[in-house]
Amino acid sequence: HESDAAAVAVSPTSSQVSYALIDGNRVPKDMPCESESIVKGDSSQYSIAAVSIIAKVTRDRIMRDYADMYPKYNLDQHTHSATAIS
3 HESDAAAVAV
13 SPTSSQVSYA
23 LIDGNRVPKD
33 MPCESESIVK
43 GDSSQYSIAA
53 VSIIAKVTRD
63 RIMRDYADMY
73 PKYNLDQHTH
83 SATAIS
């Protein structure tokens, strides 16, 4: 589940993280710090929106690299996702 990824991402840095905002409707049970879930958080919290854009750009770069390595799978069609910025 997506929000479980948040716990994995925070875990290695948990001694440095004191609070986390989660884009979604629940906080993972194993979250190593105090956390708050915010439904559609990327449309109301600039920090969540920024991380979402960074993640999508990173994913697009990885998919383009994989598309070059494995052209028969047409992985390049999974890039250029639209992110609304308001």
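Our numbering applies: residue 3 is where the sequence shown begins, and numbers increase by one. Every residue, glycine too, gets a C-beta built ideally from N, C-alpha and C.
Since residue i sits in a beta bridge, which residues does DSSP pair it with?
i          : result
residue 22 : 37
Taking the alpha carbon of residue i as the point to measure from, which residue in the options has its own alpha carbon closest?
i          : options    : result
residue 23 : 32, 12, 37 : 37
residue 42 : 26, 67, 57 : 26
residue 81 : 67, 71, 7  : 67
So, are the CB atoms of residue i and residue j less than 7 angstroms apart?
i          : j          : result
residue 44 : residue 54 : yes
residue 35 : residue 59 : no
Rounded to whole angstroms, what is the Cα-Cα separation between residue i and residue j?
i          : j          : result
residue 46 : residue 52 : 11 angstroms
residue 88 : residue 48 : Confidence is the limiting factor: at residue 88 the pLDDT is only 45, short of 50, which leaves the residue's position unreliable, though a coordinate-based value still follows. The straight-line gap from Cα to Cα measures roughly 10 angstroms.
residue 6  : residue 73 : 31 angstroms
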